[in-house]
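First up is the structure itself, then whatever we jot down about it.
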Amino acid sequence: MNNLADIAAALKDTRSVLICGHVMPDGDSLGSVLALGLILEGMGKKVTMAGADPPPEIYDFLPGLAKYQVGLPPDVEFDTLVIVDCSVPERLGPGFQGLLAGDRDIIILDHHAGSSCPGKYRYIDPSAAAVGEIIYDLIMEMGLKISLEVGMCLYTAIVTDTGSFQYDSTTPDTLRRVANLMEIGVPAAQINVRIYEEKPQAFFQLLCSALSTLTTSRCGKVSWMMVTREMLENVGAKDEHTEGLVNYARSVRGVEVAIFFREIEKSNYKISFRSKDVVDVDKLARQFGGGGHQRASGCTIEGEIDKITSQVVAAAKLAVRNIG
Numbered sequence: 005m006n007n008l009a010d011i012a013a014a015l016k017d018t019r020s021v022l023i024c025g026h027v028m029p030d031g032d033s034l035g036s037v038l039a040l041g042l043i044l045e046g047m048g049k050k051v052t053m054a055g056a057d058p059p060p061e062i063y064d065f066l067p068g069l070a071k072y073q074v075g076l077p078p079d080v081e082f083d084t085l086v087i088v089d090c091s092v093p094e095r096l097g098p099g100f101q102g103l104l105a106g107d108r109d110i111i112i113l114d115h116h117a118g119s120s121c122p123g124k125y126r127y128i129d130p131s132a133a134a135v136g137e138i139i140y141d142l143i144m145e146m147g148l149k150i151s152l153e154v155g156m157c158l159y160t161a162i163v164t165d166t167g168s169f170q171y172d173s174t175t176p177d178t179l180r181r182v183a184n185l186m187e188i189g190v191p192a193a194q195i196n197v198r199i200y201e202e203k204p205q206a207f208f209q210l211l212c213s214a215l216s217t218l219t220t221s222r223c224g225k226v227s228w229m230m231v232t233r234e235m236l237e238n239v240g241a242k243d244e245h246t247e248g249l250v251n252y253a254r255s256v257r258g259v260e261v262a263i264f265f266r267e268i269e270k271s272n273y274k275i276s277f278r279s280k281d282v283v284d285v286d287k288l289a290r291q292f293g294g295g296g297h298q299r300a301s302g303c304t305i306e307g308e309i310d311k312i313t314s315q316v317v318a319a320a321k322l323a324v325r326n327i328g
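Numbering of the sequence shown is given in the working numbering, commencing with residue 5 and proceeding in unit increments.
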């Protein structure tokens, strides 16, 4: 693995960059792409910021978002490809995955254990609470100042991937970085309101439907809930409105593992896992071809939902039993 000094030098030498993250961008992926893109633009680089899917509407306030392109721009030219917050090539999405086969320099910046995206330069730090922390440190390594606009993107990346600093991935260094961002004027409270306290009516209608599916195991340690396409359509909600719903299952008293099933299309389901203290849900997700972090992970499974639910819940119960 390379160090940040190697990557800082490579970015200083390049003339044009394409920066992208994973499909269905979350706050960390999007905030990291924008923060790095704005910094490199300030250095005089030609920068393209893009991704396979449109950003969720809750991030409309982010500086630089107007420059973010959905889909791979036709005839885009760049010397260096930077991939952030993406652990496997498949998560890049249509068009972007094929870029890994080129002969250009590729830089990987990630915090997922077992990250497998290939690149000439790879910096993987599973101890980082968010890739936003890695981008922050990279900017420091380059000897650059963080502007208010870049700071807002970094704060968004960090606050969202730490669950508003609730997850145990939050460290003293995490909070020191955030404190430094606030000292340059980042309006943390206002950003928190935009992300967490300005939900559309459809979100709450969807939440009601999702909570009606909430189920807890007899042992009280595993809880799960579901959203189907029909539920989304009935209330006019979007897929992005399901973000964070898994935390309601996680909030049940006594629960150690929470599971959220979301129907992507017929017989295709996205499963999100969360744990509170002990169970490594990265290992749990890997049983089904996914992965992530110890306390937050996910996977995608095809099949009949009753069978999928039975298999996944059984695996979660076993994981809980194995920790005593």
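Positions of the beta carbon are idealized from the N, C-alpha and C atoms, including for glycine.
For clarity, every value in this text was computed on a predicted model and none was experimentally measured.
- [ ] For valine 37, count neighbouring C-beta atoms within 10 Å of its own C-beta (all shown protein chains included) and say buried if the count is 16 or more, exposed if not.
- [x] By the neighbour-count definition (other C-beta atoms within 10 Å, threshold 16), valine 37 is a buried residue.
Open item on the list: Check for me: the alpha helix (DSSP H) holding tyrosine 200 runs from which residue to which?
Closed with: That run of the alpha helix (DSSP H) goes 192 to 200.
TODO: Report yes if the C-beta of methionine 156 is less than 6 Å from at least one heavy atom of the ligand SAH; otherwise report no.
DONE: Ligands displayed in this structure: none; no statement on the ligand SAH is therefore possible.
Task: Within the stretch 35 to 80, ranges of the beta strand (DSSP E) (whole runs, at least 3 residues) - done: Taking 3 residues as the shortest admissible run, the stretch 35 to 80 contains the following complete beta strand (DSSP E) segments, listed from N- to C-terminal end: 50 to 55, 72 to 74.
Task: Pairwise C-alpha distance: proline 204 and histidine 115 - done: For histidine 115 and proline 204, the distance between alpha carbons rounds to 31 Å.
TODO: State the start and end residues of the unbroken alpha helix (DSSP H) segment that holds tyrosine 140.
DONE: That run of the alpha helix (DSSP H) goes 135 to 145.
Task: Residue nearest to lysine 50 in terms of C-alpha spacing, selected from Lys311, Val21, Arg290, Thr220 - done: Among Lys311, Val21, Arg290, Thr220, the Cα nearest to that of lysine 50 is on Val21.
Open item on the list: Helix, strand or coil, according to DSSP, for alanine 289 in the structure here?
Closed with: Reduced to three states, the DSSP call for alanine 289 is helix.
- [ ] Measure the Cβ-Cβ separation of proline 98 and alanine 54 and say whether it is below 7 Å.
- [x] No, Cβ-Cβ distance for proline 98 and alanine 54 is not below 7 Å.
Open item on the list: Suppose contacts are defined by Cβ-Cβ distances below 7 Å. Is valine 190 in contact with methionine 156 by that definition?
Closed with: Yes.
TODO: Could you work out which residue in Ile62, Asn7, Leu15 is closest to glutamate 244 when comparing CA atoms only?
DONE: Nearest option by C-alpha distance: Ile62.
Open item on the list: Going by C-alpha to C-alpha distance, which of Gly240, Asp281, Ala289 sits closest to phenylalanine 264?
Closed with: Comparing Cα-Cα distances from phenylalanine 264 to each of Gly240, Asp281, Ala289, the minimum goes to Ala289.
Open item on the list: I need the boundaries of the alpha helix (DSSP H) containing arginine 254, first residue and last residue.
Closed with: Segment 250 to 254, the alpha helix (DSSP H) holding arginine 254.
Task: Length of the line joining the Cα atoms of valine 239 and arginine 266 - done: Answer to the nearest angstrom: the Cα atoms are 15 Å apart.
Task: Distance between valine 256 and arginine 181 (C-alpha atoms, nearest Å) - done: Rounded to the nearest whole angstrom, the C-alpha separation of arginine 181 and valine 256 is 31 Å.
TODO: Identify which residue in Val27, Asp64, Asn7 has its Cα closest to the Cα of arginine 198.
DONE: Ranked by Cα distance from arginine 198, the first of Val27, Asp64, Asn7 is Asp64.
TODO: Under the assumption that leucine 104 contacts cysteine 121 (Cβ atoms under 8 Å), give the Cβ distance between them as a whole number of angstroms.
DONE: That pair is a contact at about 7 Å.
Task: Start-to-end residues for the alpha helix (DSSP H) that takes in glutamate 247 - done: That residue, glutamate 247, is in no alpha helix (DSSP H); it is neither H nor E in DSSP.
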